[in-house]
Amino acid sequence: MIGKLLTSKALPWLSGGLIVLILGLLTAVYALHSRNGALNEKVGNLGAENVMLAESLRNQSESYQALAAELKRRDQLVMQAHQARKKSERKAREQIEALRQALANDECAGRPHPPAIADILRAGSSDRVQD
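Be aware that the sequence shown starts at 129, since it is given in the working numbering, and climbs by one per residue.
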């Protein structure tokens with residue numbers, strides 16, 4: 129009799145509690161499912177963005193390599209131009225020194241030209257002002 133009384137009074141409470149528990153679990157599953165859908169969409173968007181960023185990285189890497197090669201080529205050209213300039217300056221200094229040595233022993237080098245010769249030398253020059 130006590131068992132019948134307990135089951136008759138407890139059964140509605142247990143069934144009601146079980147229904148509430150099942151509804152709570154179903155609500156939680158639905159909420160998790162909808163959140164999962166939003167997260168899956170976000171993962172898809174991030175995947176697409178990742179693909180675009182990977183492509184951008186590839187393009188930038190190719191651009192960087194091309195610019196690095198161009199920079200190396202220009203550095204090489206600058207070094208060649210610098211070496212050529214140093215070589216031509218060295219040759220010019222050698223020629224100037226050779227001319228100085230040649231003029232040092234020449235007796236006519238230090239003497240001024242007579243006016244007639246100076247006029248003849250300047251006759252073909254465009255620096256002279258014509259009256």
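Yeah, the Cβ is synthetic: ideal placement off N, Cα and C, and Gly gets one too.
With 16 other Cβ atoms within 10 Å as the buried cut-off, status of residue i
i, result
"residue 179", "exposed"
"residue 249", "exposed"
Where residue i falls: helix, strand or coil (DSSP)
i, result
"residue 236", "coil"
"residue 243", "helix"
"residue 147", "helix"
Close Cβ partners of residue i (< 7 Å) along its chain, the five nearest in sequence each way excluded
i, result
"residue 137", "none"
Contacts around residue i, its chain only, beta-carbon distance under 6 Å, and the 5 residues preceding and following it disregarded
i, result
"residue 208", "none"
"residue 149", "none"
Below-8 Å beta-carbon distance, residue i vs any chain C residue
i, result
"residue 140", "Absent here is chain C; the protein component of the structure consists of one chain."
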